[in-house]
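Residue numbers (our numbering): 389 to 821.
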């Protein structure tokens, strides 16, 4: 108050106490907040620089949630691929089990006795060798030496046209040209070389033709490798392994294999596994995104936009039995015939390729996961660096501020004592009265 006059000494000590109190207030604020820069008034440069650093750290921290969700989405897709891989391996095991049940009776056969004991005695050879040395074409009735043909096997051509015998297994056929010098030995060698069937002549002189697959085995006559000719050969009696005795005319004779009960049961098991592949892929989603259903995932790595933005776009893959090339088991042309060794082997190859595709997709996901995790770790380090930098600009040294407070308290006590002594000097005048 201006009406009150203070001595110079008192006023000086009072100002000292006021300054000390102000410094103590600032020190107490720093100790309570832990910061030496609490507002722009304390240090504008440091305050706004730290605010900018903390703001960017906050933006990056918000992106950490997106990265975390991206990692979990990729991990869920990887979990799905691992489970689908097990299903494909299970389907592969089912196919192998079916192949392992390739019993002899499932392979169609054709057989015909070509030589007799009497012919063997006439030639001085074994019955088997006599049958092997006989010619395919020639006169219908054999001579005693067995060199003029095989009675009823094919007989003579009607018009001298070059002829052939065609053997078929399913939709695949092999044609063997026949002339007057062609022997049963040549015929057997040609069939064995075709890969479609296995031919042999046993010690009893019987020609046995067994398909290498479970599909229909057919034997017919052709002219110039064309469709079966109506008059190419005379009738031939061939005993089929499963169907009894049938006459071979131009239309041929066919023998079907016996269905394996084991394979029949495995079809439904295989189809159930196949159906589960697509269902499992549909369930491999996280937060509404399914990378196994063809969805896309974008993971942002920084807070910038435009050309300065950094992100990763992950393309999903639609995974189901069709996309993996796994056919269903059944009797249709586009399905796997579990009674056919050939179809089962093709199915095994397809399943192997499906596993390769799954490994490739898993590898791609693993690469993307590694990128996101690396960026996540980098972002964590960046946030820490930004926050540390901001702290270096604003945080107080509590040890230093505590020492300052102690010094200020001491100064306050000294100032109070000095003010008291100055006041005593002013009070001395009272002793005059």
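Ideal Cβ positions, reconstructed from N, Cα and C, are used throughout, including at glycine.
Local conformation of residue i per DSSP, three classes
| i | result |
| --- | --- |
| residue 457 | helix |
| residue 710 | coil |
| residue 618 | In this predicted model, residue 618 has a pLDDT of only 42, less than 50, meaning its place in the structure is not dependable; the value taken from the coordinates is given anyway. Three-state DSSP puts residue 618 in coil, outside helix and strand. |
| residue 425 | coil |
| residue 594 | strand |
| residue 679 | coil |
| residue 578 | helix |
| residue 415 | helix |
| residue 767 | helix |
| residue 561 | strand |
| residue 408 | helix |
| residue 465 | helix |
| residue 737 | helix |
| residue 653 | helix |
| residue 433 | helix |
In DSSP terms, what residue i is bridged to
| i | result |
| --- | --- |
| residue 608 | 554 |
| residue 688 | 699 |
| residue 350 | What is shown of the chain runs 389 to 821, which leaves residue 350 out entirely. |
| residue 717 | 724 |
| residue 523 | 571 |
| residue 658 | Answer is none; residue 658 lacks a bridge partner. |
| residue 586 | 598 |
| residue 674 | 677 |
| residue 783 | 423 |
Closest residue to residue i among the options (Cα-Cα distance)
| i | options | result |
| --- | --- | --- |
| residue 500 | 439, 780, 592, 450 | 592 |
| residue 567 | 581, 552, 423 | 552 |
| residue 720 | 594, 712, 731 | 731 |
| residue 685 | 448, 454, 449 | 454 |
| residue 473 | 437, 585, 662 | 662 |
| residue 603 | 808, 495, 434 | 495 |
| residue 589 | 606, 503, 736, 700 | 503 |
| residue 847 | 432, 485, 471, 449 | There is no way to answer for residue 847, as the model of the chain reaches only from 389 to 821. |
| residue 459 | 723, 561, 687 | 687 |
| residue 449 | 767, 601, 746, 668 | 767 |
| residue 778 | 433, 416, 457, 406 | 433 |
| residue 711 | 440, 560, 750, 742 | 742 |
| residue 747 | 727, 469, 765 | 469 |
Other residues of its chain near residue i: CB distance less than 7 Å, five sequence neighbours each side excluded
| i | result |
| --- | --- |
| residue 377 | Lying before the first or after the last residue shown, residue 377 is absent from the chain, which here runs from 389 to 821. |
| residue 706 | 681, 682 |
| residue 739 | 476, 479, 480, 483, 714 |
| residue 666 | 708, 709 |
| residue 770 | 448 |
Distance cut-off 6 Å: residue i Cβ against heavy atoms of the ligand MG
| i | result |
| --- | --- |
| residue 697 | Looking at this structure, you won't find the ligand MG or any other ligand, since it has none at all. |
Cβ neighbours of residue i in the same chain (closer than 6 Å, five flanking residues each side left out)
| i | result |
| --- | --- |
| residue 650 | 489 |
| residue 594 | 499, 501 |
| residue 431 | 425 |
| residue 556 | 606 |
| residue 599 | 495, 496, 557, 585, 605 |
Contacting residues, own chain, Cβ-Cβ under 8 Å from residue i (five flanking each side not counted)
| i | result |
| --- | --- |
| residue 408 | 796, 799, 800, 803 |
| residue 759 | 700 |
| query | Does the segment 514-521 come within contact of the segment 563-579, defined as at least 3 CB pairs closer than 8 Å? | reply | yes
| field | Any 3 or more C-beta pairs closer than 8 Å across the segment 455-464 and the segment 722-736 | value | no
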